[in-house]
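Asks:
Residue numbers (my numbering): 7 to 900.
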């Protein structure tokens, strides 16, 4: 009587009866108050009661009694009261009817599955209240049958043909429950027997017709939305292959008072909620220990489908890699899958590809999945993830002290005082959510060692203030013992627990690499040691062999450094999160290792994108995390130059300028670099990103300096001819950046005002000329910018003249001028305004007019638009000259 999982099938099956209580057929519930049966059962019930048959939704026939569209439903379990249900949808041809009632059965079927997809031979069970032996004795019965496949009835209706021995009257309307998951794959309608040449539909006890679930889903539209498997699966999935899981009720997860949220998580929740609404799989990419699993559970509890009632944490297989067959397919379940170990948990290409179909199957089953991954794993598989996967990057943990206090408030509220103790709070600052959980366990374990006294106030056992202070002191010591462990590892060689010199280099290599094959570890360590000054090779003499033999071996070192050798031969730290702390410790404790470590990191980056990301992460960890800006200016610049990897420096500086502690020093360094041509690409790359933030003024100042460094304010040459001016490459790159700012809706007004202030103050400065060129490609209220400025403004004319002088030598100057001529030539008013301003600029150039008229690309741009720019400029220039002569003559007469 029960299905897989222990549910009683009778709870979602009912008996359709006439007004006298006689059973006519079977029905089953697909959602609260929504039931399904065969249409002919309804007709027989109505006919038995009143001799009428009604069209659902049509007008009630004349003389039909009130309530004639209703039938009587009796729950299958004995003793439960009957209720009435109204027919709300029907399909006579396919023999299906949908009923609705304000009452309901105890349960609903969990899943419906497409009939058309079922393989021949698929086993099923059907349940109903049917004639026991064909003598009118009705009782609850179950029968086992199998699918033959789709077949056409004599009336040409396609139904699911099934083998069903011993079927009797009363099974009509019963669900066919697929073996393995009890999914409804059809609705029994009638028995039949087909012989060669026989077109009659003859009742028999072996074969039956079943209405197709595809037709039923159409009838249910607007009434119920039950879980529905429309995939190509031709049989039930095998739950014995699924990952194990630990589950909790969704309401319990939502009400968990231990939940602490970081304010930085708010946009992540919004992104995740939108993805869940779209029924996408959500990936939470996060650093170890920041609370990704808790975030995932909370996301499902608060934003998962409304009918999800269970949240399950999946458990990875103990042996072998995760495969598509391991992914579970229960209904109305929110799944959380943690993939944290890069050496063991990185999804295969096959698994990633399967997520597209898996997402659809989950959606049909009203289930959802959130996967938490380390950032390292996500970077490896991001390119292969299908569009059905949405990613959230979780960057930081909630406040560790708040996490500890929230957990203690549920376990023992009095111990919150320990979490609030200043010594404990200081040590909790900056810790991850995982390490905060460890601190909770330490506090509870320490508190268990102290007895309580009965409170004189309310008679309850309480810790004394002295006991709480003592607990806090003891816990503070435990929280601070990480440094002591590292001190022991890096004590003088020979000291208890100290790593050998080789072991230290191996540890550093594993930390910096994240994972290294056991066979490659010594070679990596030797490479790093060579950078640190050890000779690249040593003669293997009896003395050195004995010396090596007397030191700890490789596996002893691995044990000492808390590393493990995985099944695939890779070596990783047991706690990967310790890697950063170890490298920081070495960086702080051994000054002479900094340059060799940085050189090794940069060299190992090579051309591999994954290693490049890893190198940037490590350099940021050391430079930004340890606030070591001096290392950048004194050493890192030369290292990246040596290996041609200024891109690494650019990414490090891009992060450094956003760090509140390094911002000012990083901005000062960029200002210094703006005066050094070799550093201009780095200044440009970093400041380009800063323009979109709240430090755009600072960024623009440094960008301007790259153009003006070494410039002589009193020079008369164009910007490309001054011996101390920026290179054409610098000016071209700067123009590209400023043109982006001029076109950006969020920056255009600010940039226009700033640039106009530049060339009005110093029109001959290279930065003014480049900013002017950038504005030539911009619009102001849908009018080319040049046409909106005062044509009599001498600063505009002078700066324009400087740009025209640059035409012969600077390719970067040609494109914005050409774009301006092209955009203005298509509009008479704009063209006239442009010619007037060009005339003023040509006038400022004086004898250089002939140089301008030789600029064929500008003239050609006008010709392409039907204009003769050279002729029009000559005419305008002559008019300007005559006007000036007339003005001078008038002045002399006066």
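We treat Cβ as the ideally placed atom computed from N, Cα and C, and that holds for glycine.
This one's a predicted model, so the numbers in the text were calculated from it and none came from an experiment.
I need the straight-line Cα distance from residue 448 to residue 408, nearest angstrom please.
Replies: For this step, residue 448 is matched to residue 442 along the chain shown. For this step, residue 408 is matched to residue 402 along the chain shown. Cα to Cα, residue 448 sits roughly 16 Å from residue 408.
Asks: For residue 472, count the other beta carbons within 10 Å of its own beta carbon; 16 or more makes it buried, fewer makes it exposed. Which is it?
Replies: Position 466 of the chain shown, counted from the first residue, corresponds to residue 472. Exposed, because fewer than 16 other Cβ atoms sit within 10 Å of the Cβ of residue 472.
Asks: What's the C-alpha gap between residue 758 and residue 678?
Replies: Residue 758 sits at position 752 when you count from the first residue of the chain shown. Residue 678 sits at position 672 when you count from the first residue of the chain shown. Distance between the alpha carbons of residue 758 and residue 678 is about 26 Å.
Asks: Quick one: residues in its chain with C-beta nearer than 8 Å to the C-beta of residue 238, no 5 flanking neighbours on either side, listed in chain order?
Replies: Sequence index remark: in the chain shown, residue 238 carries index 232 (1-based). 123, listed in sequence order.
Asks: Tell me the residue span of the beta strand (DSSP E) that contains residue 444.
Replies: Here the question's residue 444 lines up with position 438 in the chain shown. That residue, residue 444, is in no beta strand (DSSP E); its alpha helix (DSSP H) goes 439-453.
Asks: In whole angstroms, what is the alpha-carbon distance linking residue 695 and residue 660?
Replies: Along the chain shown, one-based indexing puts residue 695 at 689. Along the chain shown, one-based indexing puts residue 660 at 654. Each residue's alpha carbon lies about 7 Å from the other.
Asks: With a threshold of 16 other CB atoms inside 10 Å of the CB of residue 739, please say whether the residue is buried or exposed.
Replies: Along the chain shown, read from residue 1 onward, the residue named residue 739 stands at position 733. Per the 10 Å Cβ criterion, buried.
Asks: Who pairs with residue 743 in a beta bridge, going by DSSP?
Replies: Within the chain shown, the letter at position 737 stands for residue 743. DSSP lists no partner for residue 743.
Asks: Take the Cβ of residue 685 as the centre, count every other Cβ of all protein chains shown within 10 Å, and call the residue buried at 16 or more, exposed below.
Replies: Within the chain shown, the letter at position 679 stands for residue 685. When all chains shown are included, residue 685 counts as buried.
Asks: May I ask you to verify whether the segment 506-518 touches the segment 473-487, counting CB pairs closer than 8 Å and requiring at least 3?
Replies: No: the two stretches stay apart, fewer than three of their Cβ pairs being nearer than 8 Å.
Asks: Return the first residue and the last residue of the beta strand (DSSP E) that residue 248 is part of.
Replies: For the purposes of this step, residue 248 is taken as residue 242 along the chain shown, with counting starting at 1. Run containing residue 248: none; DSSP gives neither H nor E here.
Asks: Identify the residues that DSSP records as bridge partners of residue 92: which are they?
Replies: By one-based count along the chain shown, residue 92 stands at place 86. Partner(s): 76, 106.
Asks: Decide yes or no for the touch test of the segment 260-270 against the segment 369-386: beta carbon pairs closer than 8 Å, at least 3 of them.
Replies: Contact fails: fewer than three Cβ-Cβ distances are below 8 Å.
Asks: Report yes if the CB atom of residue 604 is closer than 8 Å to the CB atom of residue 641, and no otherwise.
Replies: Within the chain shown, residue 604 is the residue found at index 598, counting from 1. Within the chain shown, residue 641 is the residue found at index 635, counting from 1. Going by C-beta atoms, residue 604 is nearer than 8 Å to residue 641.
Asks: Taking 8 Å as the threshold (C-beta atoms), are residue 80 and residue 93 in contact?
Replies: Taking the chain shown and counting its residues from 1, one reaches residue 93 at position 87. Taking the chain shown and counting its residues from 1, one reaches residue 80 at position 74. For residue 93 and residue 80, no; Cβs fall outside 8 Å.
Asks: Where does residue 145 fall in DSSP's three states?
Replies: Taking the first residue of the chain shown as position 1, residue 145 is located at position 139. Of the three classes helix, strand and coil, the one that applies to residue 145 here is strand, per DSSP.
Asks: For residue 118, does the three-state DSSP call read helix, strand or coil?
Replies: Counted from its first residue, the chain shown places residue 118 at position 112. If DSSP states are grouped into helix, strand and coil, residue 118 belongs with the strands.
Asks: In the DSSP assignment, what are the bridge partners of residue 317?
Replies: Translated into the one-based positions of the chain shown, residue 317 becomes position 311. Note: residue 317 sits in a beta bridge opposite 254, 340.
Asks: Would the segment 223-238 count as touching the segment 29-48 if we require 3 or more Cβ pairs under 8 Å?
Replies: Yes, the segment 223-238 touches the segment 29-48.
Asks: Residue 899 by DSSP, collapsed to three states: which one?
Replies: Reading the chain shown from its first residue, position 893 is the one you call residue 899. Looking at residue 899 - three-state DSSP - the assignment turns out to be helix.
Asks: Which value, in whole angstroms, describes the spacing of the CA atoms of residue 763 and residue 875?
Replies: The residue you call residue 763 lines up with position 757 of the chain shown. The residue you call residue 875 lines up with position 869 of the chain shown. Each residue's alpha carbon lies about 29 Å from the other.
Asks: If you draw a straight line from the alpha carbon of residue 870 to that of residue 817, how long is it in whole angstroms?
Replies: Numbered from 1 along the chain shown, position 864 holds the residue referred to as residue 870. Numbered from 1 along the chain shown, position 811 holds the residue referred to as residue 817. Approximately 20 Å between the Cα atoms of the pair.
Asks: Tell me the DSSP secondary structure of residue 182 in three-state form.
Replies: Here residue 182 refers to the residue found at position 176 of the chain shown. Residue state, collapsed to three classes: strand.
Asks: Between which two residues does the alpha helix (DSSP H) harbouring residue 606 extend?
Replies: For the purposes of this step, residue 606 is identified with residue 600 of the chain shown, where counting begins at 1. That run of the alpha helix (DSSP H) goes 600-611.
Asks: So what's residue 416 in DSSP terms, helix, strand or just coil?
Replies: Taking the chain shown and counting its residues from 1, the one referred to as residue 416 is at position 410. Helix.
Asks: So is residue 860 buried or exposed if we call it buried at 16+ other beta carbons inside 10 Å?
Replies: Residue mapping note: residue 860 aligns to position 854 of the chain shown, counting from 1. Annotation note: pLDDT 45 at residue 860 (below 50); position unreliable, no value reported.
Asks: Are the beta-carbon atoms belonging to residue 130 and residue 191 less than 8 Å from one another?
Replies: One-based indexing of the chain shown puts residue 130 at position 124. One-based indexing of the chain shown puts residue 191 at position 185. Against a cut-off of 8 Å, the Cβ pair of residue 191 and residue 130 comes out as a contact.
Asks: Just to confirm before moving on: does the CB-CB distance between residue 361 and residue 395 stay below 8 Å?
Replies: By 1-based counting over the chain shown, the position of residue 361 is 355. By 1-based counting over the chain shown, the position of residue 395 is 389. Yes, these two residues count as a Cβ contact at 8 Å.
Asks: Can you tell me whether DSSP reads residue 842 as helix, strand or coil?
Replies: For this step, residue 842 is matched to residue 836 along the chain shown. Residue state, collapsed to three classes: helix.
Asks: So who's on the other strand from residue 380, going by DSSP bridges?
Replies: Counting from one through the chain shown, the residue named residue 380 turns up at place 374. Answer is 292.
Asks: For the 8 Å Cβ check, are there 3 or more pairs between the segment 619-639 and the segment 595-609?
Replies: Yes: at least three Cβ pairs fall under 8 Å.
Asks: What separation, rounded to the nearest whole angstrom, lies between the Cα atoms of residue 149 and residue 262?
Replies: In the chain shown, the residue the question calls residue 149 occupies position 143. In the chain shown, the residue the question calls residue 262 occupies position 256. Rounded to whole angstroms, residue 149 to residue 262 spans 45 Å at the Cα level.
Asks: What three-state label does DSSP hand residue 525 in the structure shown?
Replies: Within the chain shown, numbered from 1, the residue matching residue 525 stands at position 519. Residue 525 falls in the helix class under three-state DSSP.
Asks: Given a cut-off of 8 Å, decide if residue 680 and residue 708 are closer than it, judged by their beta-carbon atoms.
Replies: The residue given as residue 708 occupies position 702 in the chain shown. The residue given as residue 680 occupies position 674 in the chain shown. Yes, the pair counts as a contact, with Cβ atoms nearer than the cut-off.
Asks: Of all the options 24, 171, 309, which has the alpha carbon lying nearest to the alpha carbon of residue 52?
Replies: Translated into positions along the chain shown, residue 52 becomes position 46. That would be 24, whose Cα lies nearest to the Cα of residue 52.
Asks: Between residue 359 and residue 485, what straight-line distance do the alpha-carbon atoms span, to the nearest angstrom?
Replies: If you number the chain shown from 1, residue 359 lands on position 353. If you number the chain shown from 1, residue 485 lands on position 479. Taking the straight line joining both Cα atoms gives about 43 Å.
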